[in-house]
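Residue numbers (the working numbering): 71 to 215. This report refers to the structure that appears directly beneath it.
See the structure below:
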């Protein structure tokens, strides 16, 4: 049973990775006709509409206690701001580098997420994380030389 859960998890993550890999070239292609904020507005409106519908259908969103969940809602608002900033900067970055170059920085995400999780969630870290970060940074430097 554990192996089946692992396989399902791997399958879901692979499909997710393919979706996210597809987003970048699509956004770059759309950036020929739109500015970054327009791209964000259009794509996030579609995302928000689908997410709200799915939340009502699958998660009983209508019964959320917004007073009890105030801290979580504030965190999600911060996530929205951070997402908008990251999305904007990524779109602006298309003017300065090729997609493969820009996506090279994505390999830092797991390491940086681990560091943020250490500070925000108290998750444990090891020296290997910092060694990995240094190796990844070196790899990015080599790619740009």
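Idealized CB from N, CA, C, for every residue including glycine.
By the neighbour-count definition (other C-beta atoms within 10 Å, threshold 16), residue 85 is an exposed residue.
Secondary structure within the region 133 to 170: not one fully enclosed beta strand (DSSP E) run of 3 or more consecutive residues is present. In the displayed model, residue 195 falls within coil according to three-state DSSP, outside both helix and strand. Taking a 10 Å sphere around the C-beta of residue 129, we find fewer than 16 other C-beta atoms and assign the residue as exposed.
Judged by DSSP in its simplified three-state form, residue 109 adopts helix. With a cutoff of 8 angstroms on beta-carbon distance, residue 195 and residue 177 are scored as not near each other. The three-state reading of DSSP puts residue 101 in coil, since its state is none of H, G, I, E or B. When the five nearest sequence neighbours on each side are left out, the beta carbons in the same chain lying within less than 7 angstroms of the beta carbon of residue 109 are those of 97, 100, 101, 161, in order along the chain. Remark: C-beta atoms of residue 95 and residue 169 approach each other more closely than 8 angstroms. Of the candidates 172, 214, 210, the residue whose Cα lies closest to the Cα of residue 91 is 172.
Counting every other CB atom within 10 Å of its CB across the protein chains shown gives residue 181 a total of 16 or more, marking it as buried. Short of 7 angstroms from the beta carbon of residue 126, and not among the five residues preceding or following it, lie these beta carbons of its own chain, in chain order: 132. Non-local C-beta neighbours of residue 202 in its own chain, meaning closer than 7 angstroms and more than five positions away in sequence, comprise 181, ordered along the chain. In the three-state reduction of the DSSP assignment, residue 122 falls in the helix class.
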